[in-house]
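1 is the number of the first residue of the sequence shown in the numbering used here; add one for each residue after it.
Have a look at the structure below, then the notes.
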Amino acid sequence: MRSWIRDIADFFFPRTCLVCGNVLMHNEEHLCLHCLPDMPRTDFCYHPDNAMAQLFYGKLRVERAAGYFYFSKGSDYRLLIHRIKYNGEKECGRYLGQLFVRENRDSRFFDGIDCVVPVPLHPRKKRMRGYNQSEWIARGIAEELNIPLVADALISRTHRMSQTRKGIYDRYLSTRQAFDLLPDNRLVGRHVLLVDDVVTTGATLLACGEALAKGGVTSISMATLAVAKI
Ligand SMILES: [Zn+2]
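See the structure below:
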């Protein structure tokens with residue numbers, strides 16, 4: 001945005017930091033200059049055997065896995081993810097995706113990756129929210145790496161089984177997310193970076209990774225904005 005237009009816009013509609021809520025200065029984007037450096041970074045890009053990579057050991061061959069910062073109960077940065085996900089702050093997801101790459105480029109974590117694929121939202125959820133937050137994070141990463149974003153090949157579907165006379169847990173199991181990869185030449189034989197907003201148990205990334213491998217993707221790496229501390 002041209003600087004004088006931003007000055008006028010800031011005067012009438014002050015932008016606030018998505019972590020602490022303070023009014024942003026002219027040169028600040030989404031996070032203030034206190035909250036951005038204080039973000040609890042993981043440095044996983046520099047440690048290949050990190051806790052996130054270990055979630056997939058023995059389950060799926062993953063080249064590299066890293067999240068940008070930690071996400072713990074009661075932390076203000078938890079609110080940041082909530083805002084990116086539910087409050088329309090998709091541009092902040094894109095911005096943090098760019099920063100994730102910029103800050104970790106020297107680690108070589110992103111070297112050799114051909115394209116970026118976001119974990120898809122179920123179409124019903126996407127209709128309700130209006131956007132897929134993981135797609136915006138993936139967009140920021142792809143833009144910074146100058147490689148394609150492929151957001152339409154991996155699709156989310158819901159297992160539908162007969163729900164009559166099932167217990168709560170069975171119902172949960174029968175409605176868990178499943179993923180399919182549509183045939184796509186942009187992905188076959190490639191090294192794909194799969195992107196989500198948060199990793200907790202790794203179950204969603206694993207299910208997506210399995211769909212990518214089944215569809216002919218040769219190498220899979222994983223990246224998330226946040227890593228939940230369990
Ligand atoms: Zn702040």
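Quick reminder that beta carbons are idealized off the backbone N, C-alpha and C, glycines included.
| Roughly how many angstroms separate the alpha carbons of glycine 93 and asparagine 146, rounded to a whole number? | 17 Å
| request: Go to methionine 222, then tell me how far its beta strand (DSSP E) extends in each direction, as first and last residue. | output: 219 to 228
| Which residue spans inside the segment 61 to 130 form an unbroken beta strand (DSSP E) run of at least 3? | 65 to 71, 115 to 118
| Cα separation between cysteine 208 and proline 14? | 39 Å
| Residue from Ala9, Val117, Asp49 with nearest C-alpha to serine 219 | Val117
| request: Answer yes or no: the CB of asparagine 22 versus the heavy atoms of ligand 1, is any distance below 7 Å? | output: yes
| From Phe44, Ser156, Leu205, residue whose alpha carbon lies closest to that of valine 195 | Leu205
| query | Cβ of cysteine 32 versus every heavy atom of ligand 1: is any distance shorter than 7 Å? | reply | yes
| query | What are the boundary residues of the beta strand (DSSP E) that includes arginine 157? | reply | 154 to 158
| request: Starting from the C-beta of proline 148, find all residues in its chain whose C-beta is less than 6 Å away, skip the five residues before and the five after it, and write them out in chain order. | output: Cys115
| message | Using 8 Å for Cβ pairs, my map puts serine 221 next to valine 119. What's the rounded Cβ distance? | response | With 8 Å as the limit, serine 221 and valine 119 do not qualify as a contact, their Cβ atoms being about 13 Å apart.
| request: Put alanine 151 into one of helix, strand or coil per three-state DSSP. | output: coil
| query | Looking at the unbroken alpha helix (DSSP H) that takes in leucine 205, where does it start and where does it end? | reply | 203 to 214
| task | With distances taken Cα to Cα, identify the nearest neighbour of glycine 189 among Arg83, Lys214, Val199. | result | Lys214
| message | Could you check whether tyrosine 77 and methionine 39 sit closer than 8 Å to each other, using their CB atoms as the reference points? | response | yes
| task | Could you spell out the range, first to last residue, of the beta strand (DSSP E) harbouring arginine 49? | result | For clarity, residue 49 is aspartate in the given sequence; the question names arginine instead. Unbroken run through aspartate 49: none, as it is neither H nor E.
| Where threonine 16 falls: helix, strand or coil (DSSP) | strand
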